[in-house]
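Student: I'd like to ask you about the structure that follows.
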Amino acid sequence: MAEEKRLNKKGYLTQTGEGELLLVNEKGVAYLVNESIVAIWDRFEEKTVEEVIQEVADISEINPDELREPIRELVDALVKAELLA
15 MAEEKRLNKK
25 GYLTQTGEGE
35 LLLVNEKGVA
45 YLVNESIVAI
55 WDRFEEKTVE
65 EVIQEVADIS
75 EINPDELREP
85 IRELVDALVK
95 AELLA
């Protein structure tokens, strides 16, 4: 099995005047997100998706198997949005 790629967060976190969270990519495109998305995005500092899944599982006491698919889908969306690379 090939080693999983290590990803890093890109862009930055800000918020609207109403306090809604936004992740903004390097092109200036903003995405409305929630605290859970930010918590996962923020963990990506030279880590693989599997490492982040395990970290979230340890913190939340949720089985990693239950987290794997939703986190992978989120990571795919964040990569497409140029917020992870």
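Under this note's numbering, the first residue of the sequence shown is numbered 15, with each subsequent residue one higher. All C-beta atoms, glycine included, are put in the ideal place defined by N, C-alpha and C. Just so we're clear, the structure is a prediction, and the values are computed from it rather than from any experiment.
(1) Run through the DSSP bridge pairs and tell me what N22 is partnered with.
(2) Report the three-state DSSP secondary structure of M15 (helix, strand or coil).
(3) Rounding to the nearest angstrom, what Cα-Cα distance links L21 and E69 in this structure?
(4) Find the nearest neighbour of R86 within the set Y45, I67, D56, judged by alpha-carbon distance.
(5) Restricting to runs no shorter than 3 residues, where is the beta strand (DSSP E) found entirely within the stretch 36–98?
(6) If you draw a straight line from the C-alpha of N39 to the C-alpha of V63, how long is it?
Tutor: Working from what's here:
(1) E59
(2) At M15, the pLDDT of 44 sits below 50, so the modelled position is not reliable; the number obtained from the coordinates is stated separately. In the structure shown, M15 sits in coil (DSSP, three-state: anything other than H, G, I, E or B).
(3) 15 Å
(4) I67
(5) 44–47, 59–61
(6) 20 Å
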